[in-house]
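Protein chains in written order, with the working numbering: chain C, 8 to 314; chain P, 8 to 314. Everything on this sheet refers to the single structure shown next.
Protein chains: 2
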Amino acid sequence: MRVKVLGAAAGGAFPQWNCACSNCKQLRQGTFHGKARTQAQIAFSPEGAHWFLLNASPDLRIQIEATPELHPRQGSRDTPIAAIVLTCAELDQVLGLLLLRESQPLHVYCTESVRRILMEDNSMFRVLERIPDQVRWTTIRPGVRFEMSSLAGDSLGLSCDPFVIPSGYPGYAKEKSELHPDEAVLGLVVSSARGGRFAYFPGTPAIRREWREAFNQCDALFLDGTFWSSDELQRVQGFGSTAEQMGHMPLSGPHGSLETLKDLSTPRKVYFHLNNTNPVLDESGKEYAMVREQGWDVAYDGMEFSL
Amino acid sequence: MRVKVLGAAAGGAFPQWNCACSNCKQLRQGTFHGKARTQAQIAFSPEGAHWFLLNASPDLRIQIEATPELHPRQGSRDTPIAAIVLTCAELDQVLGLLLLRESQPLHVYCTESVRRILMEDNSMFRVLERIPDQVRWTTIRPGVRFEMSSLAGDSLGLSCDPFVIPSGYPGYAKEKSELHPDEAVLGLVVSSARGGRFAYFPGTPAIRREWREAFNQCDALFLDGTFWSSDELQRVQGFGSTAEQMGHMPLSGPHGSLETLKDLSTPRKVYFHLNNTNPVLDESGKEYAMVREQGWDVAYDGMEFSL
Numbered sequence: 008m009r010v011k012v013l014g015a016a017a018g019g020a021f022p023q024w025n026c027a028c029s030n031c032k033q034l035r036q037g038t039f040h041g042k043a044r045t046q047a048q049i050a051f052s053p054e055g056a057h058w059f060l061l062n063a064s065p066d067l068r069i070q071i072e073a074t075p076e077l078h079p080r081q082g083s084r085d086t087p088i089a090a091i092v093l094t095c096a097e098l099d100q101v102l103g104l105l106l107l108r109e110s111q112p113l114h115v116y117c118t119e120s121v122r123r124i125l126m127e128d129n130s131m132f133r134v135l136e137r138i139p140d141q142v143r144w145t146t147i148r149p150g151v152r153f154e155m156s157s158l159a160g161d162s163l164g165l166s167c168d169p170f171v172i173p174s175g176y177p178g179y180a181k182e183k184s185e186l187h188p189d190e191a192v193l194g195l196v197v198s199s200a201r202g203g204r205f206a207y208f209p210g211t212p213a214i215r216r217e218w219r220e221a222f223n224q225c226d227a228l229f230l231d232g233t234f235w236s237s238d239e240l241q242r243v244q245g246f247g248s249t250a251e252q253m254g255h256m257p258l259s260g261p262h263g264s265l266e267t268l269k270d271l272s273t274p275r276k277v278y279f280h281l282n283n284t285n286p287v288l289d290e291s292g293k294e295y296a297m298v299r300e301q302g303w304d305v306a307y308d309g310m311e312f313s314l
Numbered sequence: 008m009r010v011k012v013l014g015a016a017a018g019g020a021f022p023q024w025n026c027a028c029s030n031c032k033q034l035r036q037g038t039f040h041g042k043a044r045t046q047a048q049i050a051f052s053p054e055g056a057h058w059f060l061l062n063a064s065p066d067l068r069i070q071i072e073a074t075p076e077l078h079p080r081q082g083s084r085d086t087p088i089a090a091i092v093l094t095c096a097e098l099d100q101v102l103g104l105l106l107l108r109e110s111q112p113l114h115v116y117c118t119e120s121v122r123r124i125l126m127e128d129n130s131m132f133r134v135l136e137r138i139p140d141q142v143r144w145t146t147i148r149p150g151v152r153f154e155m156s157s158l159a160g161d162s163l164g165l166s167c168d169p170f171v172i173p174s175g176y177p178g179y180a181k182e183k184s185e186l187h188p189d190e191a192v193l194g195l196v197v198s199s200a201r202g203g204r205f206a207y208f209p210g211t212p213a214i215r216r217e218w219r220e221a222f223n224q225c226d227a228l229f230l231d232g233t234f235w236s237s238d239e240l241q242r243v244q245g246f247g248s249t250a251e252q253m254g255h256m257p258l259s260g261p262h263g264s265l266e267t268l269k270d271l272s273t274p275r276k277v278y279f280h281l282n283n284t285n286p287v288l289d290e291s292g293k294e295y296a297m298v299r300e301q302g303w304d305v306a307y308d309g310m311e312f313s314l
């Protein structure tokens, strides 16, 4: 299985348009020891022909252009993208769907609640219904394994286990009380019958005991790397919520993910969905060194694995 | 007045993610005699300090990063963007508003109908209401001149005349019968008391007689350059609407804009909002030569004027 990181940053990307934090300012000045990053986006393929997207970032158009594997191959309109799997309804994970219009047939996997937020509360998503059968929706039921097929419906030996992440719906969602709490945010474990298994948990406020076993059976783990510390955004903005209140477990501290997962045996452990304020982006800094010493990678645009 | 073209392509950009037309294919192969382009976006400033956006493209994040004048200047969160003027509710002209969240105060000018489509029919736009007074909306009344001020409300000597373009609401809009037909699409003439006046008509199915006089009094005109010919998209896709049915007057032919506006005296005439299929993108082609001979420019990302 091939897995490509098309974008590694949290919502807003790095640098962020209105941010002049130390990281963003230095990056624009050309003095930063680290890389710019577009917003979180992963693509994977069991055999290199059919590609699947995990969520759909607002930067998806330029991410596709930067990835020759995702270019059209035959005829005048075409895409090798077999399907998109949505794990939540956050803007920075779903806006890219609106960039995949142009009357192109698509297949989207998500929970019924996420589908309702998009299709019932946002008229713009009607652009995905311009021609009959433009988008096929497959409902993900939390905790229930599902197979992922080609756009034509052929088996590719791909399966996915969706885990409930104890988090909430986006602030913009209406009538949250009518939405099932288990359908807000999912973590995924993707397995290929040809070999290769990885876990995708880009946003989680805590690590559940039962996930450890799943992580240990994976070849790679993409874990929430949004914030280094709990009050990181409050210190930069001067107001706002803690990391945990925003649904993100920080990396550092006695209850952080570095400490919590120090005994994990997963061969490739990758921090993903990095906020522009995170000091771990600075490859000359002590935080980056600490993370690398503990066996973690810090995801960047263009990172690629064969599992 | 300074005017910058941040993006010059129509919706979908050039190349377009799922398009393998002759232009897109050659551009990806590196054999095309012309430039890649992001989606239509113009920024202007009366004095170089306060900047205004005409519409908000889906590529706005990368367009801002590519434009040092639009970077934050002071404090940890900041923007020199004083306001955004929306001329319609098409996705490729409004999606960028969702990229300007991050709790940043904004000022948006648009018709009441466009505001209703965004704010009443699309819950996602609630991200612009996360903090009190995050977005100030100023209603544009078609045909009624309005002043544009700094975000703090200071006069900048900028005024704008909004013209009704005889076109329709986007296909995704609900209950179109409740929306005023004159509020669907506007053309703008922007004037600075410091000198400089330009017209912005990126989508129009025809040229009204009364616009000619306005165009002739401008230093520059940005005109709809979407399609070269009426059946251009039908020939590439194998189905679909004519240029005129999609609200765009083609450049060529006896009723095209080149012929219709051949006597215009505007010093700078610029074709803008170019579809990826338009042969005028090929700078080695006869269409490009014809346009240039008749005194027109073909807009590209990074094009800049002082008026």
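Ideal Cβ positions, reconstructed from N, Cα and C, are used throughout, including at glycine.
Pick out the complete beta strand (DSSP E) segments inside the stretch 278-306 of chain P, 3 residues or longer, and give them in chain order.
303-305
Please specify which runs of the beta strand (DSSP E), each continuous and at least 3 residues long, are wholly inside the stretch 83-131 of chain P, giving them in chain order.
88-92 and 113-117
What residues in the stretch 73-97 of chain P bring their beta carbon closer than 7 Å to a beta carbon of chain C?
His78, Pro79, Gly82, Ser83, Arg84, Asp85 and Thr86
Can you list, in chain order, the residues of its chain with a C-beta nearer than 7 Å to that of P:His57? Leave out the 5 residues immediately preceding and following it.
Pro87, Ala89, Ser157 and Leu163
With a CB to CB cut of under 6 Å and the five nearest residues on each side skipped, what residues in its chain are close to P:His40?
Asp289, Glu290 and Ser291
C:Thr145, enclosing beta strand (DSSP E) - first and last residue
Val142 to Thr146
Pairing CB atoms from the stretch 235-246 of chain C with CB atoms from the stretch 202-215 of chain C, are three or more of them under 8 Å?
no
Since P:Ile71 meets chain C, which of its residues come closer than 7 Å, beta carbon to beta carbon?
Trp24
Can you check which of these residues, P:Leu107, P:Arg152 and P:Ser64, is closest to P:Leu135 by C-alpha distance?
P:Leu107
Does P:Met131 have its Cβ less than 8 Å from a Cβ in chain C?
yes
Minimum C-alpha distance to P:Asp161 - residue among P:Pro53, P:Tyr278, P:Leu193 and P:Asp308
P:Pro53
Take C:Arg219 as the anchor and find which of C:Ser248, C:Phe170, C:Pro75 and C:Gly55 has the nearest alpha-carbon.
C:Phe170
Could you name the residues that DSSP lists as bridge partners for P:Cys167?
P:Phe153 and P:Val197
Determine the DSSP secondary structure at P:Ser248, reduced to helix, strand or coil.
coil
In the DSSP assignment, find the alpha helix (DSSP H) that holds P:Lys32 and state where it starts and stops.
Ser29 to Gln36
Of the residues that make up the stretch 173-191 of chain C, which ones have a beta carbon closer than 7 Å to any beta carbon in chain A?
Protein chains in the displayed structure are C and P, and chain A is not among them.
Can you give me the C-alpha to C-alpha distance between P:Arg35 and P:Ala20, rounded to a whole angstrom?
13 Å
Have a look at P:Arg152 and P:Ser259 and give me their C-alpha separation to the nearest angstrom.
32 Å
Tell me which same chain residues have a C-beta within less than 7 Å of the C-beta of P:Met131, skipping the five on either side of it?
Leu105
Nearest to P:Pro112 by alpha carbon, out of P:Met126, P:Glu97 and P:Arg84?
P:Arg84
Please look up how many angstroms separate the CB atoms of C:Tyr278 and C:Gly232, rounded, as I've assumed it's under 8 Å.
3 Å
Own chain partners of P:Arg80 with C-beta closer than 7 Å, once the 5 adjacent residues on each side are dropped:
Pro87
Taking P:Pro253 as the reference, give the member of P:Pro177, P:Gly103 and P:Val287 with the closest Cα.
It is worth fixing the name first, because residue 253 of chain P is Met in this sequence and not Pro. The option with the nearest alpha carbon to P:Met253 is P:Pro177.
Strictly below 7 Å CB to CB, what residues from chain C border P:Val243?
Ser83
Within 8 Å of any Cβ in chain P, is that where the Cβ of C:Gly19 sits?
yes
P:Leu195: CB within 7 Å of a non-hydrogen atom of the ligand FMN:
Looking at this structure, you won't find the ligand FMN or any other ligand, since it has none at all.
Measure the beta-carbon distance from P:Ala43 to P:Leu281 and round it to whole angstroms, keeping in mind my assumption that it falls under 8 Å.
Not a contact, Cβ separation roughly 11 Å.
Closer than 8 Å, Cβ to any Cβ of chain P: which residues of the stretch 116-142 of chain C, in chain order?
Ile124, Asp128, Asn129, Ser130, Met131, Phe132, Arg133, Val134 and Arg137
Counting contacts by CB-CB distance shorter than 8 Å, is C:Arg68 in contact with chain P?
yes
In the stretch 260-291 of chain P, which residues sit with their C-beta less than 8 Å from some C-beta in chain C, listed in chain order?
none
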